[in-house]
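Shown next, in structure tokens, is the structure this report addresses.
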Amino acid sequence: MDATLSAPPTAQVQIALGERSYPIAIGAGLFDQPGTYAAVPQAAAALIVTNTTLEPLYAQRLQQALAGRFRAVHTVVLPDGEAYKTWETLNLVFDALLSRGCDRKTVLFALGGGVVGDITGFAAASYMRGVPFVQVPTTLLAQVDSSVGGKTAINHPLGKNMVGAFYQPQLVVCDLDVLKTLPPRELSAGLAEVIKYGPIADAAFLDWIEANVDALRAGDPAALAHAVQRSCEIKADVVGQDEREGGLRAILNFGHTFGHAIEAGMGYGAWLHGEGVGCGMVMAARLSQRLGLLDAAQVERLTRLIERAGLPTVGPVLDAQDNAGRYLELMRVDKKAEAGEIKFVLIAGIGRAVVRGAPDALVREVIAASCV
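Numbering-wise, full-length UniProt numbering puts 152 at position 152 of the sequence shown, and it's gapless, one number per residue.
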């Protein structure tokens, strides 16, 4: 694809889940257009959930877009950052719903990145045992990953996303224009989730990312449009086959087992989620190599691409006395662990992922070689 072309018109990717199916709308200038929400159920009230950073940028525009469908459009503003993905913040949403007398037809709108999306989705799954919600992701990471597929959660001090529910939205609105306000660090963090789709599912897409990574970092509209659409297509295909992560969907966690350990061990917010995933992909690729699944040239190729995307490839030291032991301790709390055995997403050649355990000794070698 020529990344110098202008962005294409609106695309739509369908999540095929029977009666819970829904579209992902991708294009420029979508989120503040009333027609974007034509298929969303009408109700007496809507609640926009956003954060302190995004509220002055986008909340009023979304309110105006929704005004014709809802008699009342309320807003609740959450603190910004992964450190606030907690019970206390979740309760702010419940407080807003209850204090305004919102009923079970009230529609929640998640206007923000992954933290806002996860909290809003969990609130929607829980309030009156389930109300409709819409994802309006404002970061690249949320558009290509966290807003799609119905995973909702909050963090626990012992593990990331350990308390939550599978709960699908009615609609996902990926407005490419909102990516223009992303800081470079946030854009790079989103590229980690774009990059992962190549090694796990699509070798040709990995080739394309390598050819266009500079354009992506520069915010080129056509490059971002293709990256978002192809990422959503791959995730939609996986989620459609395995909604609740009984098997195949686990491959979407490539880099996340190591990455979540980094986030929890450093303290939520010290590293962005995408930074943990980027470094985690390098570590998972090295573990794949030690298990004889991937050759050294492909490990180096992936490492170079992650560096070019502006992401860390060297892991932090979480414990000066026993760093590998601390990583292992945190990874055993991971949702993919079974009876204390850590399950890793590994690469068995570019475009093919497998999920399996690995001996602690090999994992320790990888951590020792990957951290300073």
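The beta-carbon is built from N, C-alpha and C at its ideal position, and this holds for glycine as well.
Item: Outcome for LEU5 when other beta-carbon atoms lying within 10 angstroms are tallied against a minimum of 16; Value: Residue placement at LEU5 cannot be trusted, given a pLDDT of 37 that sits under 50; what the coordinates show is reported in the next sentence. Answer is exposed; the Cβ neighbour count stays below 16.
Item: Backbone CA spacing between PHE109 and ASP207 [nearest angstrom]; Value: 35 Å
Item: Spatial distance of ALA38 from PHE70 (CA atoms); Value: 12 Å
Item: Cβ pair GLU82, VAL116 closer than 8 Å; Value: no
Item: Best match in GLY267, ALA348, GLY265, THR106 for proximity to LEU299 [C-alpha to C-alpha]; Value: Sequence check: residue 299 is Val here, not Leu. For the residues GLY267, ALA348, GLY265, THR106, the minimum Cα distance to VAL299 belongs to ALA348.
Item: C-alpha distance - HIS226 paired with VAL355, whole-angstrom precision; Value: 28 Å
Item: Coil, strand or helix - THR50 by DSSP; Value: strand
Item: Bounding residues of the beta strand (DSSP E) (the contiguous stretch that carries LYS160); Value: 159-166
Item: Given 8 Å, three or more beta-carbon pairs between the region 302-317 and the region 185-194; Value: yes
Item: Touching by the beta-carbon criterion (3+ pairs, under 8 Å), the region 25-41 and the region 60-75; Value: yes
Item: 8 Å Cβ cutoff met for ILE154 and THR257; Value: no
Item: Helix, strand or coil at ASP149 [DSSP, three-state]; Value: Correcting the residue identity first, residue 149 is Gly in this sequence and not Asp. The answer is coil: DSSP assigns GLY149 none of H, G, I, E or B.
Item: Length of the line joining the Cα atoms of ASP202 and ILE15; Value: 19 Å
Item: Beta-carbon proximity check, VAL345 vs ILE209, cutoff 8 Å; Value: no
Item: Coarse secondary structure for ALA3, derived from DSSP in three states; Value: Residue placement at ALA3 is poorly supported in this model, since its pLDDT is 40, which falls under 50; the coordinates are not used for a value here.
Item: Between the CA atoms of LEU171 and PRO8 - distance to the nearest angstrom; Value: Since pLDDT at PRO8 reaches only 47, below the 50 mark, its modelled position is unreliable, and the value read off the structure follows with that caveat. C-alpha separation (whole angstroms): 20 Å.
Item: Cβ shell of ARG185 (< 6 Å), same chain only, five flanking positions each side left out; Value: none
Item: ALA44 and ASP103 closer than 8 Å at C-beta; Value: yes
Item: Environment of PRO183 [buried if 16+ CB atoms lie within 10 Å]; Value: exposed
Item: Contact check, SER147 vs GLN135, beta carbons under 8 Å; Value: yes
Item: For VAL277 and ASN253, the rounded distance between their alpha carbons; Value: 9 Å
Item: Backbone CA spacing between ALA3 and ALA215 [nearest angstrom]; Value: In this prediction, ALA3 scores a pLDDT of 40, lower than 50, which makes its location untrustworthy; no coordinate-derived value is stated.
Item: C-beta atoms of ALA261 and TYR327 nearer than 8 Å; Value: yes
Item: ALA102 - partner residues in DSSP beta bridges; Value: Inspection of the sequence shows that residue 102 is occupied by Cys rather than by Ala. In the DSSP output, where bridge partners are listed per residue, CYS102 has none listed.
Item: Continuous alpha helix (DSSP H) stretch holding GLY114: start and end; Value: 114-126
Item: Neighbour-count burial assignment, ASP360, 16 or more Cβ in a 10 Å radius; Value: exposed
Item: Residues near ARG332 by beta carbon distance below 7 Å, same chain, minus five either side; Value: GLY340, ILE342
Item: Three-state secondary structure assigned by DSSP to TYR37; Value: helix
Item: Per DSSP, cross-strand counterpart(s) of PHE205; Value: Paired residues: none, contrary to the question.
Item: Integer Cβ distance of PRO312 from GLU275, believed to fall under 8 Å; Value: 6 Å
Item: Distance, GLY149 Cα to GLN168 Cα; Value: 6 Å
Item: Contact set for GLN42: own chain, Cβ-Cβ below 6 Å, skip 5 residues either direction; Value: ARG69
Item: Supposed close pair SER370, VAL282 - CB separation, criterion 8 Å; Value: 7 Å
Item: Completely contained alpha helix (DSSP H) runs for the region 279-364, where each covers 4 or more residues; Value: 296-308, 323-331
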